[in-house]
Amino acid sequence: MDMSEILDSLNDAQKTAVSTQAQRTLVLAGAGSGKTRVLVHRIGWLLEAQGLSPYRVLAVTFTNKAAQEMRTRIEALLNRSVQGMWVGTFHSIAHRLLRMHWEAAGLPEQFQILDSEDQLRLIKRTMQTLQVDEERWPPKQVQWFINNHKDEGRRAEKIDNNTDQQTLMMLRIYQAYEDNCQRAGLVDFAELLLRAYELWLKQPDLLEHYSNRFEHVLVDEFQDTNTIQYAWLKCLIGEQGQVTVVGDDDQSIYGWRGAKIENIQLFEQDFKGTHIIRLEQNYRSTETILRAANAIIAHNDNRMGKELWTQGCSGDPIALYTAFNEVDEARYVASRIKALAEQDHAYRDTAILYRSNAQSRVLEEALLREGLPYRIFGGLRFFERAEIKNALCYLRLMFNTADDAAFERIVAVPPRGIGERTLQEVREYAKEQQLSMWVASEQIIKDNRLSARAARALQAFLEQIIGLSERVNVQKLAQLVEAVISEVGLLAYHQKEKGEKGRVRIENLKELVSAAKEFESVVDDQEHSQLLALFLDHTALESRELQADAFEDSVQMMTLHTAKGLEFPVVFLVGLEEGLFPHQMSRNEPGRLEEERRLCYVGITRAMQHLYLTYAETRRLYGREKRHVSSRFIREIPKELIEEVRMGSKVSRPMLHNTESMPMASSEAEAPFSLGQRVLHQMFGEGTVLGFEGSGQNARVQVNFDVKGSKWLVLNYAKLESTV
DNA sequence: CGGTCGGCAGTTTTT
DNA sequence: CTGCCGACCG
């Protein structure tokens, strides 16, 4: 292959990053600077120019999507398959290692992965057996405690137990939870990483093998690595290994879940002679947008230092809309999107970004009112839905009867005459004898420790699972899934549910069968039982839906966190208020405030052409009206980049007594009411003016009545009175 | 065993 | 104001 294909399309900094001979390379890649491109071409360069075997390359990402994309793009660039290359998330690579070396890692061969919901349930269960007060030790907090320690590489027994009562109890739960996991062959997400790390420590020969094998390690989104991931990498790379890490300290937004932005600085110290390359040329946004982003992020301290620039045009000023309240804000966004659509902007070119999910609702209503199609990202993923997880837990229990988490989840779903009394009996016995729930059930039945009715029900359950698991080696995966949902009564169970809910759940269960079919065809030439194991891993590790949502041109709505890595021609960044963004909880701690600022930087740099910022002076949140001042992030943008928008009546401030002094657009000056004004209606009572539409005879006004809610009224008929 | 009611919490999310 | 979870009751 011609090397020029790999280098020619790149700028100088990118070329350097792709072709450097340095043993250690740190690429500081600004937003929109072609980061993925560099990573892909770097690997291409290593394989083609350096003649490295794909077998000797390990590339690590944070999401399955990124891993998938990387492999696809490398193969497209080189026009060949790179099968032997390991490309995956930290978790999937750790998982792969543990599957291959389960014995060395001290795990049973059929270990299963717990997602965070499973983990929380198991923690609750553990706490119940320990008789811990859930008021004093909230399970969520315990979960956080456990995961945090694991992320820092700390086992319960290694933690100093010379501490306060509160922590001491958490440690006890941590330990008991671990014991439960070990006995049931269960591994949570943090455990995958920790075990993989301990594998290096406990098995130097294994470490050496992989260190030798992976001559070059590449890491994407390096600023998001946590302590254990960093330690794992450091071991693997060792003194000899070559490594390329790519990241952007200004886009580190996951500190709250353990990511250590300091790892970037640490890298420079730990890996001597690191070649640092900055990618600062941006190919995404207008100069105006970049200047705003640069200005905001400049308020942070201890940056690695980077300034985005572009050869492109300066573009439109940033629009800033000050809304009276959140409804007005949403209305503005919707009306702008409608106007943009009329100028031939596709809906999918537009994104609405917000700090927290709770904000989406009002926006959604406004889009609905305008008849604009939208899609909200986030929310429950397919494999996380309750009915899907139930079905999967049957498969898990069939696969490994010791899986207590699965046992607990489905033993009474659908209901089959096994009540809390019976279960309590089983749990106690299991705890006493250090047995799995499954074996405990068997023995309790045998010992006649239950009423005849309960014993019969429990026996029937065990037999049903055994009956199903005998078919694992005989039937195809999809048939097996189908058998579970119909024979075990899940379908019938949801059929009985009233309302839309049951129907949707049944749809989902059928979707699960299709997913299994799809999986069969993708991963063929495997034994049936193997296939089941792989499928279970897949559902735990790749919660992404198999089929992307049906093609529809719609407005994209998501949180700022979700938007990372994406780009849109038009971006609305809403809710820029002190207390909301930066969030209340982050305002007083400098470190957390800086992370909020980086989040803002991420949001702004998503925009390619047009950026709209909005905030509401009053916002109803948690049923309470609160007044807010504009976000400091707005004020950190140079004034000359911003153009303030005033809609309709041109009154952005609802202070009634000030309306006269506010500038009025001549065309709208005749409007008898202003936005935010309080009015009285004969039938609907008092309310607040939210918006106008039309003029003259047809002029309509939208009023949010205190009691009757929001209504559109024709001004001519409405006989509204000002309350002032 | 399933339904209902009351209390309470309530950034951000991937694996 | 929601939505979720747990307790309680029929």
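Numbering follows the working numbering, in which position 550 of the first sequence is assigned residue number 560; successive positions increment by one, without gaps.
Quick reminder that beta carbons are idealized off the backbone N, C-alpha and C, glycines included.
1) Looking at residue 199 and the ligand ADP, is the gap between the Cβ and the nearest heavy atom below 7 Å?
2) Between the Cα of residue 162 and the Cα atoms of 122, 145, 173, 205, which residue gives the shortest distance?
3) Give me, in chain order, the residues of the same chain whose beta-carbon lies closer than 6 Å to that of residue 98; leave out the 5 immediate sequence neighbours on both sides.
4) Just reading off the alpha helix (DSSP H) that residue 237 is part of, what are its end residues?
5) Return yes when the Cβ of residue 643 is within less than 8 Å of the Cβ of residue 361, no when it is not.
6) DSSP on residue 27, reduced to helix/strand/coil?
7) Quick check on residue 405: does DSSP put it in helix, strand or coil?
8) Restricting to Cα atoms, I'd like to know which of 436, 477, 33, 116 is closest to residue 460.
9) Between which two residues does the beta strand (DSSP E) containing residue 562 stretch?
10) Comparing alpha-carbon positions, which option in 627, 637, 33 lies nearest residue 285?
11) Could you tell me the boundaries of the alpha helix (DSSP H) in which residue 497 lies?
12) May I ask you to list the residues that DSSP assigns as paired with residue 84?
13) Excluding the five sequence neighbours on either side, which residues of its own chain have a C-beta within less than 8 Å of the C-beta of residue 94, listed in chain order?
14) Taking DSSP's pairing of strands, which residues face residue 654 in a bridge?
15) Got a sec? Which residues, its chain only, sit under 7 Å from residue 488 by beta carbon, not counting five neighbours each side?
16) Closest by CA to residue 413, which one among 252, 190, 583, 470?
17) Report the rounded CA-to-CA distance for residue 39 versus residue 256, giving the unit in angstroms.
18) According to DSSP, simplified to helix, strand and coil, what is residue 628?
19) Per the DSSP calculation, residue 731 is bridged to which residue(s)?
20) Got a sec? Which residues, its chain only, sit under 8 Å from residue 101 by beta carbon, not counting five neighbours each side?
21) Work out the CA separation of residue 24 and residue 544 for me, nearest whole Å.
22) In whole angstroms, give me the CA-to-CA distance for residue 359 and residue 52.
23) Looking at the unbroken beta strand (DSSP E) that takes in residue 579, where does it start and where does it end?
24) Just verifying my parser: in three-state terms, what is the DSSP assignment at residue 622?
25) Quick one: any contact between the stretch 473-488 and the stretch 366-385, if contact means 3 or more CB pairs under 8 Å?
26) Determine which residues share a DSSP beta bridge with residue 362 and list them.
27) Closest to residue 630 by CA distance: which of 274, 589, 157 is it?
28) For residue 13, does the three-state DSSP call read helix, strand or coil?
29) Give every residue of the same chain whose Cβ lies closer than 8 Å to the Cβ of residue 324, excluding the five residues on either side of it in the sequence, and list them in chain order.
30) How about residue 626 and residue 380: do their beta carbons lie closer than 8 Å?
31) What does residue 307 pair with, by DSSP beta-bridge criteria?
32) On the DSSP bridge list, what partners appear for residue 384?
33) Can you tell me whether residue 14 is buried or exposed, with buried defined as 16 or more other CB within 10 angstroms of its CB?
34) In chain order, what residues of the same chain have a beta carbon less than 6 Å from the beta carbon of residue 609, not counting five sequence neighbours either side?
35) Apply the 10 Å Cβ neighbour rule to residue 173 and answer buried if 16 or more other Cβ atoms are within range, or exposed otherwise.
36) How long is the line joining the alpha carbons of residue 294 and residue 22, rounded to whole angstroms?
Looking at the coordinates:
1) This structure lacks the ligand ADP; in fact it carries no ligand of any kind.
2) Locating residue 162 in the first sequence gives position 152, counting from the first residue. The residue with the shortest Cα to Cα distance from residue 162 is 205.
3) In the first sequence, the residue the question calls residue 98 occupies position 88. Excluding sequence neighbours, residue 98 sits near 77.
4) Within the first sequence, residue 237 is the residue found at index 227, counting from 1. Note, residue 237: alpha helix (DSSP H), 237-247.
5) Stepping through the first sequence from its first residue, residue 361 is reached at position 351. Stepping through the first sequence from its first residue, residue 643 is reached at position 633. The answer is no: Cβ separation not under 8 Å.
6) Taking the first sequence and counting its residues from 1, the one referred to as residue 27 is at position 17. In the structure shown, residue 27 sits in a helix (DSSP, three-state: H, G or I).
7) Here residue 405 refers to the residue found at position 395 when the first sequence is read from its first residue. Of the three classes helix, strand and coil, the one that applies to residue 405 here is helix, per DSSP.
8) Indexing the first sequence from 1 puts residue 460 at position 450. When each option's Cα is compared against that of residue 460, the closest is 436.
9) On the first sequence, residue 562 is found 552 positions in, with the first residue counted as 1. Segment: none, residue 562 is in no beta strand (DSSP E) and carries neither H nor E.
10) Mapped onto the first sequence, residue 285 falls at position 275. With distances taken between Cα atoms, residue 285 lies closest to 33.
11) Here residue 497 is taken as the residue at index 487 of the first sequence, counted from 1. For residue 497, the enclosing alpha helix (DSSP H) starts and ends at 487-497.
12) As a position in the first sequence, residue 84 is number 74, starting the count at 1. Beta-bridge pairing links residue 84 to no other residue.
13) Taking the first residue of the first sequence as position 1, residue 94 is located at position 84. Excluding sequence neighbours, residue 94 sits near 63, 64, 65.
14) Here residue 654 corresponds to residue number 644 of the first sequence, with the count starting at 1. DSSP, once it has assigned bridges, lists 330 as partnering residue 654.
15) In the first sequence, the residue the question calls residue 488 occupies position 478. Correct list, in chain order: 523, 526, 527, 530.
16) Your numbering for residue 413 matches position 403 in the first sequence. Ranked by Cα distance from residue 413, the first of 252, 190, 583, 470 is 190.
17) Start at 1 with the first residue of the first sequence, and residue 39 comes out as number 29. Start at 1 with the first residue of the first sequence, and residue 256 comes out as number 246. Each residue's alpha carbon lies about 7 Å from the other.
18) Here the question's residue 628 lines up with position 618 in the first sequence. The three-state reading of DSSP puts residue 628 in strand, counting E and B together.
19) Position 721 of the first sequence holds residue 731. Bridge partners of residue 731: 690.
20) Residue 101 sits at position 91 when you count from the first residue of the first sequence. Exclusion of the five residues before and after residue 101 leaves 199, 202, 203, 551 as the residues of its chain whose Cβ lies within less than 8 Å of its Cβ.
21) Within the first sequence, the letter at position 534 stands for residue 544. Within the first sequence, the letter at position 14 stands for residue 24. Computed Cα separation, rounded: 38 Å.
22) What you label residue 359 is simply residue 349 of the first sequence in a count that begins at 1. What you label residue 52 is simply residue 42 of the first sequence in a count that begins at 1. Rounded to whole angstroms, residue 359 to residue 52 spans 30 Å at the Cα level.
23) Here residue 579 corresponds to residue number 569 of the first sequence, with the count starting at 1. Residues 578-583.
24) Counted from its first residue, the first sequence places residue 622 at position 612. The answer is strand: DSSP assigns residue 622 an E or B state.
25) no
26) The residue you call residue 362 lines up with position 352 of the first sequence. The secondary-structure analysis by DSSP pairs residue 362 across a beta bridge with 567, 582.
27) On the first sequence, residue 630 is found 620 positions in, with the first residue counted as 1. For residue 630, the closest C-alpha among the options 274, 589, 157 is that of 589.
28) For the purposes of this step, residue 13 is taken as the residue at position 3 of the first sequence. Three-state DSSP puts residue 13 in coil, outside helix and strand.
29) Taking the first residue of the first sequence as 1, we reach residue 324 at position 314. Taken in chain order, the residues that qualify are 296, 297, 298.
30) Numbered from its first residue, the first sequence carries residue 626 at position 616. Numbered from its first residue, the first sequence carries residue 380 at position 370. Cβ distance not < 8 Å, so residue 626 and residue 380 don't count as in contact.
31) In the first sequence, counting from the first residue as 1, residue 307 sits at position 297. DSSP output for residue 307 lists no bridge partner at all.
32) For the purposes of this step, residue 384 is identified with residue 374 of the first sequence, where counting begins at 1. In the DSSP output, where bridge partners are listed per residue, residue 384 has 565.
33) As a position in the first sequence, residue 14 is number 4, starting the count at 1. Exposed, since its Cβ has fewer than 16 Cβ neighbours within 10 Å.
34) For the purposes of this step, residue 609 is identified with residue 599 of the first sequence, where counting begins at 1. Closer than 6 Å at the Cβ level, and outside the excluded window around residue 609, lie 263, 570.
35) Translated into the one-based positions of the first sequence, residue 173 becomes position 163. Residue 173 should be labelled exposed.
36) One-based indexing of the first sequence puts residue 294 at position 284. One-based indexing of the first sequence puts residue 22 at position 12. Their backbone Cα atoms lie some 18 Å apart in a straight line.
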